[in-house]
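Colleague: Please see the structure below; I have some questions.
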Amino acid sequence: MQDFVKINENDNVAVALRPIAQGETLQVGAVQVTTLEEIPQGHKFALKPIGEGEDVVKYGFRIGHAKEAISQGQWVHVHNIKTALGDLLSYTYEPADSGLKETEHEYFDGYRRADGRVGVRNEIWIIPTVGCVNSIAKALEKQAQKFVGGNIEEVIAFPHPYGCSQMGDDQENTRKALADMIGHPNAGGVLVLGLGCENSNIPVLMDYIGEYDPQRVKFLQCQDVEDEQEAAMELLEELAAYAGAFSREKIDAGELIIGMKCGGSDGLSGITANPVVGAFSDILISKGGTTILTEVPEMFGAETILMNRCETPELFDKTVNLINDFKNYFTRHDQTIYENPSPGNKKGGISTLEDKSLGCTQKSGSALVKGVLAYTEPVKNKGLNLLSAPGNDLVASTALALSGAHIVLFTTGRGTPFASPVPTVKISSNSKLAGHKDNWIDFNAGRMVEDMTKEELARKLFEYVLEVASGKRVKAEKAGFHDMAIFKQGVTL
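Numbering (this note's numbering) for the sequence shown: 672 to 1164.
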């Protein structure tokens, strides 16, 4: 295993890939560096003296300013570095060429729906219109497990606390989110479970759902029937009969839509797991597929990389708005735009938001940006898309599913057990985590600093994703975890 990595030739810091003791002498290119203090794994140390106020450079970009003079070999972290970011910025479009080429077709075994779309699971989903019927939905989920078998892979309820007592954009977002869930092709059948007096009741939702297959989607308003459990089970039996008729068939990988998200990041996330996912994204896009990158606040400080990869000036303008709209969201609520990273991020070696963002955006690979999506907006363009959603793990991963992701790739240096409405692949940035939390982690990208290249791991991850798309269950699915979180921004009545 390597002792450290200098990511870019212009960097004035390197990252420890193992704990480095005080007094160790390391050969960094033509320079010898003796550490002045212990450097934890994933943390940075100075390769040369950095004066107070000077730029600290990692990934070839500024990640902050030195708060004080930093000596060669000194630990570089939150105690001696601060963000250099401002608030709203002006941007200039400087288009870059991806150079990504088309590659040969590959395939997975998925479900072709009646409307021509593709799913990677054949599940029955129970979608409450309002939190008041969550307990009924969970009871139905338990009772309906008798339908699981054959081609019915799971019956899942997705409780949430919304659907009533909301106003403005919150109410609109909830309705759009529920409509997206109802239409998601991973569900072979959907029971929409309403109460009857809520703001987002079934008649109101119909305008958001649009055209639907009445064999695939059933509706029940609990206040309208004497025994909602009995009535719901009858509808679920009909849905099971319909969904059970679907079977897996060979489908081009170019029809896959994969969401990309990171959380609980550490100092290795931007060195191993995120670059591997970026290389995976390039592979899938080269085969005609689609990826979606989100968590806009974790683009701050690295946004120009994405802006300059926009295919058109119009997409550049949409990306500028994507970034600035999120900054305005913070300021409207009197919150600091750069109140990031989290305590876990800092413990893992991330010092500033620029540090975190430059690592986060590695997941985008090298492809051109072909679409910029509002929250709940379905993906329309193949290739790399940017999606407006916050950094919160559950909200952002759900947002990826709402926009059409069949699977979410979730990189982490700290570990997390959560799931989303679709299969959520946990990718560790380091081998210690992969071994310690084998019940959570599906794929170990930590091997990139041990015995495999980024390209080898990306290919291995691509093959694993095809297996998941073909029915292989990820760890969260095996544990029975299925989460959904809607983005709340405003007033609750």
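Just so you know, even glycine gets a beta-carbon here, dropped at the ideal spot from N, CA and C. Given the structure is predicted, the values throughout are model-derived calculations rather than measurements.
Considering only their Cβ atoms, is the gap separating N793 from N822 smaller than 8 Å?
Modeller: Locating residue 822 in the sequence shown gives position 151, where the first residue counts as 1. Locating residue 793 in the sequence shown gives position 122, where the first residue counts as 1. Cβ distance < 8 Å, so N822 and N793 count as in contact.
Colleague: Using three-state DSSP, classify R788 as helix, strand or coil.
Modeller: Along the sequence shown, one-based indexing puts residue 788 at 117. Note: R788 maps to coil in three-state DSSP.
Colleague: Count the other CB atoms within 10 Å of the CB of Q892; is the residue buried (16 or more) or exposed (fewer)?
Modeller: Position 221 of the sequence shown, counting from 1, holds the residue named residue 892. Classification of Q892: buried, given that the 10 Å Cβ count is 16 or more.
Colleague: If I measure Cβ to Cβ from L718 and keep anything under 8 Å in the same chain, skipping five residues before and after, which residues do I get?
Modeller: Here the question's residue 718 lines up with position 47 in the sequence shown. Same-chain partners within the cutoff: K677, D682, N683, V684, A685, V699, V702, V704 and Q743.
Colleague: Using DSSP with H/G/I as helix, E/B as strand and the rest coil, what is F675?
Modeller: Residue 675 sits at position 4 when you count from the first residue of the sequence shown. Note: F675 maps to strand in three-state DSSP.
Colleague: Is the separation between the beta-carbon of T1083 and that of V1145 shorter than 8 Å?
Modeller: Numbered from its first residue, the sequence shown carries residue 1083 at position 412. Numbered from its first residue, the sequence shown carries residue 1145 at position 474. For T1083 and V1145, no; Cβs fall outside 8 Å.
Colleague: Could you check the C-alpha separation between Y1000 and P1061 for me, to the nearest Å?
Modeller: The residue labelled residue 1000 in the question sits at position 329 within the sequence shown. The residue labelled residue 1061 in the question sits at position 390 within the sequence shown. The alpha-carbon atoms of Y1000 and P1061 are separated by roughly 10 Å.
Colleague: Tell me whether the beta-carbon of V747 lies closer than 8 Å to the beta-carbon of V727.
Modeller: As a position in the sequence shown, residue 747 is number 76, starting the count at 1. As a position in the sequence shown, residue 727 is number 56, starting the count at 1. Cβ distance < 8 Å, so V747 and V727 count as in contact.
Colleague: Quick one: what's W796 bridged to in DSSP?
Modeller: As a first step, residue 796 is located in the sequence shown; it is residue number 125 there, counting from the start. I827 and V861.
Colleague: For T754, which residues from the same chain have a beta carbon less than 6 Å from its beta carbon, with the 5 sequence-adjacent residues on both sides left out?
Modeller: Start at 1 with the first residue of the sequence shown, and residue 754 comes out as number 83. So the qualifying residues of the chain are G735, Y1009, T1023 and L1024.
Colleague: Cα separation between Q673 and R689?
Modeller: On the sequence shown, position 2 is the one that residue 673 refers to. On the sequence shown, position 18 is the one that residue 689 refers to. Computed Cα separation, rounded: 8 Å.
Colleague: Nearest to I721 by alpha carbon, out of F779, A740, S1091 and M904?
Modeller: Position 50 of the sequence shown, counted from the first residue, corresponds to residue 721. Taking only the C-alpha atoms, the option nearest I721 is A740.
Colleague: With burial defined as no fewer than 16 other Cβ atoms inside 10 Å of the residue's Cβ, what is the status of D786: buried or exposed?
Modeller: Position 115 of the sequence shown holds residue 786. So D786 ends up on the exposed side.
Colleague: Buried or exposed: which applies to A1105, given that a residue is buried once 16 or more other Cβ atoms fall within 10 Å of its Cβ?
Modeller: To locate residue 1105, count along the sequence shown from 1; it is residue 434. Label assigned to A1105: buried.
Colleague: Using the rule of at least 16 other Cβ atoms within 10 Å of the residue's Cβ for burial, across every protein chain shown, is S1059 buried or exposed?
Modeller: For the purposes of this step, residue 1059 is identified with residue 388 of the sequence shown, where counting begins at 1. Result: buried.
Colleague: Grab me the residues of A1147's own chain with a C-beta within less than 6 Å of its C-beta, minus the 5 sequence neighbours each way, in chain order.
Modeller: If you number the sequence shown from 1, residue 1147 lands on position 476. Same-chain partners within the cutoff: A1090 and T1095.
Colleague: Between which two residues does the alpha helix (DSSP H) containing L1137 stretch?
Modeller: Numbered from 1 along the sequence shown, position 466 holds the residue referred to as residue 1137. Element bounds for L1137: K1125 to A1140.
Colleague: Need the endpoints of the alpha helix (DSSP H) that N995 sits in, please.
Modeller: As a first step, residue 995 is located in the sequence shown; it is residue number 324 there, counting from the start. Counting along the chain, the alpha helix (DSSP H) containing N995 begins and ends at P984 to R1003.
Colleague: List, from N- to C-terminal side, the alpha helix (DSSP H) runs of 4 residues or more that fit wholly inside the segment 1002-1067.
Modeller: DSSP runs (the alpha helix (DSSP H)) wholly in the segment 1002-1067: 1014-1019 and 1024-1031.
Colleague: Would you mind listing the beta strand (DSSP E) stretches within the segment 860-931 that are 3+ residues and don't spill past its ends, in chain order?
Modeller: Those beta strand (DSSP E) runs which fall completely within the segment 860-931 and span 3+ residues are 888-892 and 920-923.
Colleague: If I1173 sits next to L1080, beta carbons under 8 Å apart, how far is it from one beta carbon to the other, in whole angstroms?
Modeller: Summary: the structure shown does not reach residue 1173, with the chain confined to residues 672 through 1164, and so no result is reported for it.
Colleague: Smallest Cα separation from D937: which of M1119, M877, D1026 and N1110?
Modeller: Numbered from its first residue, the sequence shown carries residue 937 at position 266. It is D1026.
Colleague: Once DSSP output is grouped into helix, strand and coil, what is the label at A692?
Modeller: Numbered from its first residue, the sequence shown carries residue 692 at position 21. Three-state DSSP puts A692 in coil, outside helix and strand.
Colleague: Give the secondary structure of Q712 by DSSP, where H, G and I count as helix, E and B as strand, and everything else as coil.
Modeller: Your numbering for residue 712 matches position 41 in the sequence shown. In this structure, Q712 counts as coil in the three-state DSSP scheme.
Colleague: Using the beta-carbon count (16 or more within 10 Å), is G854 buried or exposed?
Modeller: Here residue 854 refers to the residue found at position 183 of the sequence shown. It is buried - the Cβ of G854 has at least 16 other Cβ atoms within 10 Å.
Colleague: Measure how close the beta-carbons of L955 and L1057 come, nearest whole angstrom, since I'm counting them as under 8 Å.
Modeller: Indexing the sequence shown from 1 puts residue 955 at position 284. Indexing the sequence shown from 1 puts residue 1057 at position 386. The Cβ separation is near 16 Å, so there is no contact.
Colleague: Does the beta-carbon of R1085 have 16 or more other beta-carbons within 10 angstroms, so that it is buried, or is it exposed?
Modeller: Stepping through the sequence shown from its first residue, residue 1085 is reached at position 414. R1085 should be labelled buried.
Colleague: What is the residue span of the beta strand (DSSP E) that G935 lies within?
Modeller: Here residue 935 corresponds to residue number 264 of the sequence shown, with the count starting at 1. Careful: G935 lies outside any beta strand (DSSP E) and carries neither H nor E.
Colleague: Need the endpoints of the alpha helix (DSSP H) that K729 sits in, please.
Modeller: By 1-based counting over the sequence shown, the position of residue 729 is 58. Counting along the chain, K729 falls outside any alpha helix (DSSP H), though it belongs to the beta strand (DSSP E) covering D726 to K729.
Colleague: Using a threshold of 8 Å, state whether the C-beta atoms of F971 and S1035 are closer than that.
Modeller: Here the question's residue 971 lines up with position 300 in the sequence shown. Here the question's residue 1035 lines up with position 364 in the sequence shown. Cβ distance not < 8 Å, so F971 and S1035 don't count as in contact.
Colleague: When the Cα atoms are used, what is the spatial distance from C835 to A1156?
Modeller: The count along the sequence shown starts at 1 and reaches residue 835 at position 164. The count along the sequence shown starts at 1 and reaches residue 1156 at position 485. Computed Cα separation, rounded: 15 Å.
Colleague: Specify, as a first and last residue, the run of the alpha helix (DSSP H) that T845 falls within.
Modeller: By one-based count along the sequence shown, residue 845 stands at place 174. It spans G839 to G854 - the alpha helix (DSSP H) in which T845 sits, taken as one unbroken run.
Colleague: Is it the case that the segment 1123-1130 contacts the segment 943-962, given that we only count it when at least three CB pairs across the two stretches are under 8 Å?
Modeller: The segment 943-962 is in contact with the segment 1123-1130.
Colleague: Relative to the alpha-carbon of S1068, which residue among G1142, D1154 and I807 has its alpha-carbon at the smallest distance?
Modeller: To locate residue 1068, count along the sequence shown from 1; it is residue 397. If we check each option's Cα against that of S1068, D1154 comes out closest.
Colleague: What is the DSSP secondary structure of A737, reduced to helix, strand or coil?
Modeller: Along the sequence shown, one-based indexing puts residue 737 at 66. A737: strand per DSSP, three-state reduction.
Colleague: Just list the residues that DSSP pairs G781 with in beta bridges.
Modeller: For the purposes of this step, residue 781 is taken as the residue at position 110 of the sequence shown. Paired residue(s): E920.
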